[in-house]
Every structure is written in structure tokens, then in C-alpha cells.
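Those protein sequences? They're chains A and B, same order as listed.
Each residue of the first sequence is one higher than the one before, starting from 1 at the first, in the working numbering.
Each residue of the second sequence is one higher than the one before, starting from 164 at the first, in the working numbering.
Where is the CB? At the ideal position from N, CA and C, for every residue including glycine.
Small disclaimer: the values here were computed from a predicted structure and weren't measured.
Okay, structure first, notes after.
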Amino acid sequence: MASSTTGEKKILTLKGGDNEEFILEESLVLQSELLKNMVKEERVSSIPLPSIKSKTLVKIIEYLKKHAELTPSNKEEFKNFEKEFVNVVLEELLDITVAVNYLKINGLLEFCCQAVADRIKDKSVEAVRKIFRIESDFTPEEESEFRKETPEAFEGDLDDTTN
Amino acid sequence: MTSSTESYSREEIVTDHILSRLPVKSLLRFKCVCESWCDLVKSSSFIRKHCDSPSNRTHPVVCKFGVDYNHDPEPLRAFNFFVLPEKMYAGCVPTHQRLYRCEGVTDFRSISGPVDGLFVLEKGHYLENVRFAWWNPATKECRLIPKFNFELLNSFDDHSRTVGLGLDLVNQDYKLIWMRVFYDDEKSDVYPKVFTAVYSLNNDSWKLIEPDLAHDTRLCVSLNCTYLNGLYYWMSVSKENVYGICTFDFATELFGETEGPPFPNDQ
Chain A
1 MASSTTGEKK
11 ILTLKGGDNE
21 EFILEESLVL
31 QSELLKNMVK
41 EERVSSIPLP
51 SIKSKTLVKI
61 IEYLKKHAEL
71 TPSNKEEFKN
81 FEKEFVNVVL
91 EELLDITVAV
101 NYLKINGLLE
111 FCCQAVADRI
121 KDKSVEAVRK
131 IFRIESDFTP
141 EEESEFRKET
151 PEAFEGDLDD
161 TTN
Chain B
164 MTSSTESYSR
174 EEIVTDHILS
184 RLPVKSLLRF
194 KCVCESWCDL
204 VKSSSFIRKH
214 CDSPSNRTHP
224 VVCKFGVDYN
234 HDPEPLRAFN
244 FFVLPEKMYA
254 GCVPTHQRLY
264 RCEGVTDFRS
274 ISGPVDGLFV
284 LEKGHYLENV
294 RFAWWNPATK
304 ECRLIPKFNF
314 ELLNSFDDHS
324 RTVGLGLDLV
334 NQDYKLIWMR
344 VFYDDEKSDV
354 YPKVFTAVYS
364 LNNDSWKLIE
374 PDLAHDTRLC
384 VSLNCTYLNG
394 LYYWMSVSKE
404 NVYGICTFDF
414 ATELFGETEG
424 PPFPNDQ
């Protein structure tokens, strides 16, 4: 793919997992350490990201645009946007977090991880296994040992939902 | 990267990042999610990361040490913590939390710490009847430190003691420094030696050290933990009434001395 420019601005194409293409200004993707290195070193104009779903990529690009517009005067507005940004089903939030980690967008990664932590901190063990798709490798006896060790950690209203 | 059916747990960096932001109570529960989570939560690198995570900043607390005479069969000497709200306002009420639990150990003299959320409790205080215990209020764990006795003469009586808790930054080892000075009844004077021992958590043992400290230099009790970046600090007063700062380096196990800050004039 040939490199194209409109005026001074360089344009870049990101290809999502389902081959959907996203055209955006190169300056936006520089917030991603991974993409920044690719652009700087290889002077590419199109980057395939087969492991990221298009739906996830749409969200991330939305964030990159908002973040690029961040100024001291619209800080409040940006905070509200961030709050709304992570207000999605947990599975989608995890997809975004994994992709952001891969793309190395550090500020957003910290924000996403905190959002996931806040959402799972009161969940039951079973709910957490479902959310992270983990099979338990403990026997029921071993599990009850954990419960005996620190009963207070299993007390109270635990959330069984995966959302 | 994770496909739509693969476990998110494969993304160790993400799991690590997320779990290090969770409160201790959640971690104690999630230890039984699977073996790899359990190993991660117990690893020293994770514990350090969790400790340093800005989201786990400690809650402000007030600690009250008192004796409960209504306790059966004998009075209970216990520590009560009062957790303060994150945002202080006029008239706010702290939540009462009796966090301390260590079965069979009720007679406490003092508490040192915290360093990284760890406290050291001191039990008893007469000559050979001294015990220390680690206490982590977040996990509610309490672990007795092996007993240690200096070689005392029969004519000795307690004179002064100093305890300091800190981290050896070179070996990532929590240590306790314990200094005692005795009064010699036979000579009717203070025995001219500072008995000193260092306990290392990694080795779970005590070691005698011979510091170059004058026995008649007074180390002021640091009301809170005056430990910072690998060093413990005490204000010291020499026999000649000169004020200074005495330091102990937990890595080299050496004492140091620096001049105290200038005192403002009385005028």
C-alpha cells in the first residue's frame, strides 16, 4: 500500500481482525508504543492487527482521538469520557485491556486494569473463573482448605454474575 | 493475544496488572481460582508490586492500645484500630476495627511499625520474658519470632530498650534491631554495654552484633516508625547532653551518627 498524505498530515491504515480497515492520522497512533516503533522504524502505512477484533479497535481509536484532544480546559469532560469508556460488559472490557496491553498504550492500560479490578473485587471465585475462562486445578478438598485458612475472605455478599 | 475462546489467564501481564490492584481480601479469595493465580499472589515479586501499587495506598488509621478488664478469664491487652474515612470532614466518625488476633498472646507492651504494612508486637518486658511477633493486619496473620536471650548476669535489672523495624534493601529482608541496656545492682550503676541483636525474617533467626555505641548515650523512643529507605533513625542524646541523629543501616547492619538539626534560638 502506498503512503498517502493530505496536506502535512500522514495517514495510516489499521486492519482489524476481521479485515475491516480504519484510516486515521499517523499522529494518533503514536500514543501506542508498539505502533510508534513500527511507523518510525519501518515507515509502513498499513498495519495488520489480526488479533484485535474490529469492535475493540473502534473503541481504542475513539479513545486515541479523545486523548489527543485533551487540554487543561476539557479535563472534566475527558474524565467523564473515560468513565463511560469502561462502562461496557466485562468481556468487552477485558478484550480492550488485552489489546491495549499488546499495543502498549500505557496510560489507558493502567486505567483499564483499575476498572477491571474495581469490577471483580467483590466477585465470587466461580464468577472470576467464568470471566477469565479458567478451569480450576484444585481439588474440592484443597479449595475448602483455602476457605478454612481465611474464612473472612469468603464472607459477605459476593457477586456471582459475570458482568 | 486472546481469541474468543481462550483463557484470559494466558495474558499474564494483564492478570498481574489487574490482580496487583485488588484489595487483600479479594486476593485471599482468588488464591483458590487456580494454581497459577495462587503461585502469583504468593510470589515475592507480586507482593512487592502490590505493596507499591498506587491504588493500594494505605488507609489512615488511629491505633489505640488499651486493657480490657471485662475480658474473661484475664484482662486482654489488645490493639484497636480505627479506620479513618478517605476524605476527612468535620464531625466524621472513624470506623472501629478490632484487627488484632493472635491466640494465646495477650500481654502486649508495645507495637512498632508499620513498614510496608507490617507491624512488630512486643510481649512482656522483664529481663528474659520478652517475645516479639510479626503482625500483618491486612491478612490477619500473626507469627511469633523465635525467642532470643542475651547472656545476663544475675545482678541485672532492666534499664532501657530500643526496638526498630525495617527493610534490608539489598537482600529484601525485613529485620528487627533490638538494643538493651541493664542496670547492675551489684555495682549500683548502669552496666557499660549495649546488648544488641538483629533478627532477619529471611533466616528466621537472631544474630548478636557488637555496635560501637556508648552505653550512656540515650536513644529517644521514636513514637512511630522512624524508618526510611533502608535506615532507621533515632534522636540521640550523649552524656554531655549533645543532641544528634543515630542511624542503623539494615543492609550493612552498621550504626552511624550524624549531627542533629540546629535548634532555633530561644529569642
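Taking one C-beta from the stretch 212-219 of chain B and one from the stretch 135-144 of chain A each time, how about it: are there three or more such pairs within less than 8 Å?
The stretch 212-219 of chain B, when compared against the stretch 135-144 of chain A, does not touch it at the 8 Å Cβ threshold.
Using the beta-carbon count (16 or more within 10 Å), is Val333 of chain B buried or exposed?
Residue 333 of chain B sits at position 170 when you count from the first residue of the second sequence. By the C-beta density criterion, Val333 of chain B is exposed, having fewer than 16 other C-beta atoms within 10 angstroms.
If we cut at 8 Å on Cβ distances, does Leu371 of chain B have a partner in chain A?
Taking the first residue of the second sequence as position 1, residue 371 of chain B is located at position 208. Closer than 8 Å: no.
With a threshold of 7 Å on Cβ separation, who are the neighbours of Met38 of chain A within its own chain once the five nearest residues in sequence on each side are excluded?
Looking up residue 38 of chain A in the first sequence gives position 38. If we look at Met38 of chain A and ignore the five residues flanking it on each side, its Cβ neighbours are Val44, Ile47.
Proximity test, Cβ basis, 8 Å: Pro248 of chain B and chain A:
Your numbering for residue 248 of chain B matches position 85 in the second sequence. For Pro248 of chain B, the answer is no, since every Cβ of chain A falls outside 8 Å of its Cβ.
Looking at Leu382 of chain B: is its Cβ nearer than 8 Å to the Cβ of Trp397 of chain B?
For the purposes of this step, residue 382 of chain B is taken as the residue at position 219 of the second sequence. For the purposes of this step, residue 397 of chain B is taken as the residue at position 234 of the second sequence. Contact: yes.
Buried or exposed: which applies to Asp331 of chain B, given that a residue is buried once 16 or more other Cβ atoms fall within 10 Å of its Cβ?
Translated into positions along the second sequence, residue 331 of chain B becomes position 168. Residue burial is scored here from C-beta neighbours: Asp331 of chain B has at least 16 other C-beta atoms within 10 angstroms and is therefore classed as buried.
For Asn317 of chain B, which three-state DSSP category applies?
Translated into positions along the second sequence, residue 317 of chain B becomes position 154. The answer is coil: DSSP assigns Asn317 of chain B none of H, G, I, E or B.
Would you mind sorting Glu174 of chain B into buried or exposed? The rule is 16 or more other CB atoms within 10 Å of its CB.
Numbered from 1 along the second sequence, position 11 holds the residue referred to as residue 174 of chain B. Around the C-beta of Glu174 of chain B, 16 or more other C-beta atoms lie within 10 Å, and the residue is accordingly described as buried.
List the endpoints of the continuous beta strand (DSSP E) containing Ile274 of chain B.
Residue numbering aside, residue 274 of chain B sits at position 111 when the second sequence is read from its first letter. Its beta strand (DSSP E) spans residues 271-278.
In the structure shown, what three-state DSSP assignment does Leu391 of chain B receive?
The count along the second sequence starts at 1 and reaches residue 391 of chain B at position 228. If DSSP states are grouped into helix, strand and coil, Leu391 of chain B belongs with the strands.
Going by Cα to Cα distance, which pick from B:Gly329, B:His322, B:Thr421 is closest to Arg343 of chain B?
Residue 343 of chain B sits at position 180 when you count from the first residue of the second sequence. Out of B:Gly329, B:His322, B:Thr421, B:His322 has the C-alpha closest to the C-alpha of Arg343 of chain B.
If the cut is a Cβ gap below 7 Å, which residues of chain A does Cys195 of chain B touch?
The residue given as residue 195 of chain B occupies position 32 in the second sequence. By Cβ distance, chain A contributes Val125, Phe138, Glu143, Phe146.
Just checking, does the stretch 55-66 of chain A make contact with the stretch 95-115 of chain A on the three C-beta pairs under 8 Å criterion?
Per the Cβ contact rule, the stretch 55-66 of chain A is in contact with the stretch 95-115 of chain A (3 or more Cβ pairs under 8 Å).
Within a Cβ cutoff of 8 Å, which residues of the same chain sit near Lys9 of chain A, ignoring the five residues on either side of it in sequence?
As a first step, residue 9 of chain A is located in the first sequence; it is residue number 9 there, counting from the start. Excluding positions up to five away in sequence, the list reads Glu25, Glu26, Ser27.
In angstroms, rounded to a whole number, what distance separates the CA positions of Lys130 of chain A and Ser51 of chain A?
Mapped onto the first sequence, residue 130 of chain A falls at position 130. Mapped onto the first sequence, residue 51 of chain A falls at position 51. Between Lys130 of chain A and Ser51 of chain A, the C-alpha separation is close to 22 Å.
Would you kindly work out how many angstroms separate the C-alpha atoms of Phe413 of chain B and Leu339 of chain B, rounded to a whole number?
Residue numbering aside, residue 413 of chain B sits at position 250 when the second sequence is read from its first letter. Residue numbering aside, residue 339 of chain B sits at position 176 when the second sequence is read from its first letter. The straight-line gap from Cα to Cα measures roughly 8 Å.
Would you report the Cα separation of Gly16 of chain A and Leu35 of chain A, rounded to the nearest angstrom?
Counting from one through the first sequence, the residue named residue 16 of chain A turns up at place 16. Counting from one through the first sequence, the residue named residue 35 of chain A turns up at place 35. Straight-line measurement puts the Cα of Leu35 of chain A at about 14 Å from the Cα of Gly16 of chain A.
Buried or exposed for Glu285 of chain B, going by 16 or more other Cβ atoms inside 10 Å?
As a first step, residue 285 of chain B must be located in the second sequence, where it is residue number 122. With 16 or more other Cβ atoms inside 10 Å of its own Cβ, Glu285 of chain B counts as buried.
I want to verify the contact list: residues of chain B whose CB lies under 8 Å from the CB of Gln114 of chain A, in sequence order.
What you label residue 114 of chain A is simply residue 114 of the first sequence in a count that begins at 1. Going along chain B in sequence order, the residues near Gln114 of chain A (Cβ under 8 Å) are Arg184, Ser218.
My guess is that Val125 of chain A and Val196 of chain B are in contact by the Cβ rule of under 8 Å, so how many angstroms apart are they, rounded?
Taking the first sequence and counting its residues from 1, one reaches residue 125 of chain A at position 125. Taking the second sequence and counting its residues from 1, one reaches residue 196 of chain B at position 33. Going by Cβ atoms, the distance from Val125 of chain A to Val196 of chain B rounds to 6 Å, so yes, they are a contact pair.
Out of curiosity, what's the CA-to-CA distance linking Pro425 of chain B and Glu76 of chain A?
If you number the second sequence from 1, residue 425 of chain B lands on position 262. If you number the first sequence from 1, residue 76 of chain A lands on position 76. Going by C-alpha positions, Pro425 of chain B is about 46 Å away from Glu76 of chain A.
For Leu28 of chain A, write down the residues that DSSP places opposite it in a beta bridge.
Within the first sequence, residue 28 of chain A is the residue found at index 28, counting from 1. For Leu28 of chain A, DSSP assigns no beta-bridge partner whatsoever.
Cys214 of chain B in three-state terms, based on DSSP
Position 51 of the second sequence, counted from the first residue, corresponds to residue 214 of chain B. Cys214 of chain B falls in the helix class under three-state DSSP.
Local conformation of Gly254 of chain B per DSSP, three classes
Taking the second sequence and counting its residues from 1, the one referred to as residue 254 of chain B is at position 91. When secondary structure is reduced to three states using DSSP, Gly254 of chain B falls in the coil class, being assigned neither helix nor strand.
Give me the Cα-Cα distance between Gln430 of chain B and Pro223 of chain B, rounded to the nearest whole angstrom.
Here residue 430 of chain B corresponds to residue number 267 of the second sequence, with the count starting at 1. Here residue 223 of chain B corresponds to residue number 60 of the second sequence, with the count starting at 1. Summary for Gln430 of chain B: the model assigns pLDDT 48, below 50, so the residue's position carries little reliability; its value from the coordinates is reported in the next sentence. A straight-line Cα-Cα distance of about 37 Å links Gln430 of chain B and Pro223 of chain B.
Can you check whether the CB of Val187 of chain B is closer than 8 Å to the CB of Ala301 of chain B?
Start at 1 with the first residue of the second sequence, and residue 301 of chain B comes out as number 138. Start at 1 with the first residue of the second sequence, and residue 187 of chain B comes out as number 24. Yes.
Contact set for Thr421 of chain B: own chain, Cβ-Cβ below 8 Å, skip 5 residues either direction
In the second sequence, residue 421 of chain B corresponds to position 258, counting from 1. Around Thr421 of chain B, the same chain offers Gly407, Ile408, Thr410 as residues with beta carbons nearer than 8 Å, after the five sequence neighbours per side are excluded.
Do Cys201 of chain B and Ser275 of chain B have their C-beta atoms within less than 8 Å of each other?
By one-based count along the second sequence, residue 201 of chain B stands at place 38. By one-based count along the second sequence, residue 275 of chain B stands at place 112. Not in contact: Cys201 of chain B and Ser275 of chain B (Cβ atoms no closer than 8 Å).
Select from the stretch 59-83 of chain A all residues with a C-beta closer than 8 Å to any C-beta belonging to chain B, and list them in chain order.
Across the stretch 59-83 of chain A, no CB contact with chain B closer than 8 Å is found for any residue.
Who are the near neighbours of Ile120 of chain A in its chain, counting only those whose CB is closer than 7 Å to its CB and skipping five residues on each side?
One-based indexing of the first sequence puts residue 120 of chain A at position 120. Val128, Ile131, listed in sequence order.
Please report how far the alpha carbon of Val89 of chain A lies from the alpha carbon of His180 of chain B, in whole angstroms.
Walking along the first sequence from the start, residue 89 of chain A turns up at place 89. Walking along the second sequence from the start, residue 180 of chain B turns up at place 17. About 19 Å.
Looking at C-alpha atoms only, which residue of B:Glu198, B:Gly419, B:Asp235, B:Leu316 is the closest neighbour of Lys350 of chain B?
What you label residue 350 of chain B is simply residue 187 of the second sequence in a count that begins at 1. Comparing alpha carbon positions, the residue from B:Glu198, B:Gly419, B:Asp235, B:Leu316 closest to Lys350 of chain B is B:Leu316.
In the stretch 72-127 of chain A, which residue ranges form an unbroken alpha helix (DSSP H) of at least 4 residues, counting only runs that do not cross its ends?
When DSSP assignments are scanned along the stretch 72-127 of chain A, the uninterrupted stretches of alpha helix (DSSP H) that are 4 or more residues long and fall wholly within it turn out to be 75-85, 90-103, 106-120.
Compute the Euclidean distance between the alpha carbons of Ser207 of chain B and Glu110 of chain A, then round it to the nearest angstrom.
The sequence position of residue 207 of chain B within the second sequence is 44, counting from 1. The sequence position of residue 110 of chain A within the first sequence is 110, counting from 1. Cα-Cα distance, rounded: 22 Å.
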